[in-house]
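J.: Protein chains in written order, with the numbering used here: chain A, 1 to 249; chain B, 1 to 260.
Take this structure, written in structure tokens, and hold onto it; I'll ask about it next.
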Amino acid sequence: MAKKDNKKDIAISVKNVTKEFTVYEDKAYFLKERLSNLKRNKKSKHVVLKDISCDIKRGESVALIGVNGSGKSTLLKLMNKIIYPEKGTIEINGKLSSMIELGAGFNTDFTGRENIYFNASMYGLGKKDVDPIIDKIIDFSELGEFIDVPVRTYSSGMYMRLAFSIAVNVQADILLIDEILAVGDAHFQDKCLNKMKELKSQGKTMVFVSHSVPQVKSFCDRAIWIYNGVMKMDGDTDKVIEEYLKEQG
Amino acid sequence: MKIVDKIKEIYHYRHMLKTLVKQDINGRYKGSFFGFLWTLLNPLLMLFVYSLVFQFVFRTGIEHYSIYLFICLMPWNAFANTIATGTVCVSNNASILKKVYFPREILPLAVVISNTIQYFFSAVIIFIALLVSGVGVSWVAIFLPLIVLIQAIFSLGLVMLLSAANVYIRDVQYIMNPVMMIWMYACPILYSISMVPEKFLGLYKLNPMTLIMMEYQNILYNQTLPNFRNLGLVFLGSIALLVIGYLVFNKLQRRFAEEV
């Protein structure tokens, strides 16, 4: 019985997930290449994640830590259903907003304002849903009059500010965040962190990939350390970070 | 994923679909002086040229030949455009596919819807041409949306197959150019079906686009009721193709982000 109650509280459930990438030495896009490559088997399997299982509860802020190439971002992409696992299942309960790559799907010929509508539509929001929050989004982005200028004229900072403002304002239950706070100036970074803390206090679930130890410590209750595609440690942030730094040291 | 869930999900992403369709229609002529007017200007100029050529230079046995040609050439162009843009609709959107989740079926769906809407706009020119040329418009023209819908279902099934295949084998997008050219000559667009030798007629009518084109001619040129038996057959075939297309697309789409 207890198990059933728990199920409602779980936002992301990852069960025995294994993800392999096929690495092609020379990728054959064309039929001729495919045929001529048949005999020389130039592809190899690269296992990125091995049998990962974890449950992330509603309202939890979890950091995924690990060195480059350990599989953190892959796990995040799996949670976002951009890629699918070879084995295992991933279940998501709630509306998801991802900040895996900010501004993906911006049409650079269109203005910032038009892109707000388009980007929000990727989260399932229509014009009616966006109209009441659009001022909030524009304010947060601090773009001012630039909001009505084609996005291709934006600096990378402006681009990122607009994308972040949309992603945090679409009222998602779960936020997946991949190393994005590394962009933007100190002022905007602070603003983002404050916004995330605000969202956290509202009970949103967050999964966070970061290399910044202070950010993780100040923000996450739980950390999962991924090493070479396996879960090395899962638990209280301070403890995991301590072990992680020891190993790194 | 069950089909009902998929439809629910696509409905949830309807705003994205709407925006994609709008972007396609507005974006096609973006930056040009006439903008959306080109959707009307293009067929108008085409009709003008055909009228000149076939009136004075190249005589054919078909009465009102330029109108005859125009009636089928417009939907054919819509079809050919749908296939051309549809085949690359997944592979050309690699940047979004790798970074954002959305039901991938949205992409082929947007291509078909946008081309269908544009056809309806250009159909205005067809009706004007019918009236001006003296061919006239009969009440049977009300069946036009039905034929267009069947053509759209057929296109969607085909586009789902082709766009998914093109992610894995890029030859698909290049092979479709000659295929579409041959296919066009295999339909009674430039000529009348009465010119096709009797013994090939059975085979000739296996081409679903032939049957669709004949129905455009029936309601707009011959001004008779559509052949509902043929239309029904094409409809059933189109639904079958759509189901196959959906199944293939659904199977292949799991690896789109990695392969594209």
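C-beta: ideal position from N, C-alpha, C; glycine also.
Under the assumption that Asn218 (chain B) contacts Asn227 (chain B) (Cβ atoms under 8 Å), give the Cβ distance between them as a whole number of angstroms.
T.: Contact flag correct, Cβ pair sits at about 7 Å.
J.: Since Glu101 (chain A) meets chain B, which of its residues come closer than 7 Å, beta carbon to beta carbon?
T.: Simply Lys99.
J.: Three or more C-beta pairs under 8 Å: does that hold for the region 31–43 of chain B against the region 144–151 of chain A?
T.: Too few Cβ pairs lie closer than 8 Å, so no.
J.: Could you give the DSSP three-state label for Thr19 (chain B): helix, strand or coil?
T.: Three-state DSSP puts Thr19 (chain B) in a helix.
J.: Helix, strand or coil for Val135 (chain B)? Go by DSSP, reduced to three states.
T.: In the structure shown, Val135 (chain B) sits in coil (DSSP, three-state: anything other than H, G, I, E or B).
J.: Tell me the DSSP bridge mates of Gly235 (chain A)?
T.: Per DSSP, A:Ala223.
J.: For a quick check, are the C-beta atoms of Leu125 (chain A) and Ser141 (chain A) less than 8 Å apart?
T.: No. Outside cutoff.
J.: Three or more beta-carbon pairs under 8 Å between the region 147–156 of chain A and the region 100–109 of chain A, yes or no?
T.: Yes: at least three Cβ pairs fall under 8 Å.
J.: Work out the CA separation of Glu60 (chain A) and Met1 (chain A) for me, nearest whole Å.
T.: Interpretation of Met1 (chain A) is limited by its pLDDT of 39, a score under 50 that renders its predicted location unreliable; no figure is taken from the coordinates.
J.: When you compare only the Cα positions, how much space is there between Asp5 (chain A) and Asp173 (chain A)?
T.: Summary for Asp5 (chain A): the model assigns pLDDT 49, below 50, so the residue's position carries little reliability, and this model does not support an answer.
J.: Against Met122 (chain A), what residues of chain B qualify as contacts under a CB-to-CB distance less than 7 Å, listed in chain order?
T.: Under the 7 Å cutoff, chain B gives Met16, Val100, Phe102.
J.: Note down the Cα distance separating Ser95 (chain B) from Val88 (chain B), rounded to an integer number of angstroms.
T.: Whole-angstrom Cα-Cα distance: 13 Å.
J.: To the nearest angstrom, how far is the alpha carbon of Cys187 (chain B) from that of Val100 (chain B)?
T.: If you take the alpha carbons of Cys187 (chain B) and Val100 (chain B), they lie about 41 Å apart.
J.: Looking at the C-beta of Leu35 (chain A), does it have a partner C-beta in chain B at a distance below 8 Å?
T.: Not an interface residue.
J.: According to DSSP, is Val170 (chain A) part of a helix, a strand, or is it coil?
T.: If DSSP states are grouped into helix, strand and coil, Val170 (chain A) belongs with coil.
J.: Listing by chain order, which chain A residues have their CB less than 7 Å from the CB of Thr19 (chain B)?
T.: Residues of chain A passing the Cβ test: Tyr117, Phe118, Ser121.
J.: Just curious, the beta strand (DSSP E) that Phe21 (chain A) is in, first and last residue?
T.: Its beta strand (DSSP E) spans residues 10–24.
J.: For a quick check, are the C-beta atoms of Phe70 (chain B) and Leu47 (chain B) less than 8 Å apart?
T.: Contact flag set, yes.
J.: Considering just the uninterrupted stretch of the beta strand (DSSP E) at Met74 (chain B), what are its terminal residues?
T.: Here Met74 (chain B) belongs to no beta strand (DSSP E); instead the alpha helix (DSSP H) covers 65–87.
J.: Going by DSSP, name the residue or residues bridged to Pro150 (chain A).
T.: A:Thr111, per the DSSP bridge assignment.
J.: Along chain A, in chain order, which residues have C-beta atoms closer than 9 Å to that of Tyr246 (chain B)?
T.: Correct list: empty, because the minimum Cβ distance to chain A is about 17 Å.
J.: Could you give the DSSP three-state label for Ile82 (chain A): helix, strand or coil?
T.: Ile82 (chain A) falls in the coil class under three-state DSSP.
J.: Could you tell me the alpha carbon to alpha carbon distance between Val216 (chain A) and Thr237 (chain A), rounded to whole angstroms?
T.: Each residue's alpha carbon lies about 8 Å from the other.
J.: Are the Cβ atoms of Ser163 (chain B) and Ile25 (chain B) separated by less than 8 Å?
T.: Contact: no.
J.: Asp5 (chain B) CB to nearest chain A CB: under 8 Å?
T.: False, the Cβ-Cβ gap to chain A never drops below 8 Å.
J.: Identify which residue in A:Glu33, A:Ile90, A:Phe110, A:Gly94 has its Cα closest to the Cα of Val170 (chain A).
T.: Answer by Cα proximity: A:Gly94.
J.: So, is Trp139 (chain B) buried or exposed, given that buried needs 16 or more other C-beta atoms within 10 angstroms?
T.: Exposed, because fewer than 16 other Cβ atoms sit within 10 Å of the Cβ of Trp139 (chain B).
J.: Please report the distance separating the alpha-carbon of Ile175 (chain B) from that of Ile147 (chain B).
T.: Distance between the alpha carbons of Ile175 (chain B) and Ile147 (chain B): 27 Å.
J.: Of all Cβ atoms in chain A, is any one closer than 8 Å to the Cβ of Tyr13 (chain B)?
T.: At least one chain A Cβ lies under 8 Å of Tyr13 (chain B).
J.: What number of angstroms, rounded off, separates the C-alpha of Arg14 (chain B) from the C-alpha of Arg59 (chain B)?
T.: Between Arg14 (chain B) and Arg59 (chain B), the C-alpha separation is close to 49 Å.
J.: Relative to chain B, which residues along the region 150–174 of chain A have a C-beta separation below 9 Å, given in chain order?
T.: If the cut-off is 9 Å between Cβ atoms, the region 150–174 of chain A has nothing near chain B.
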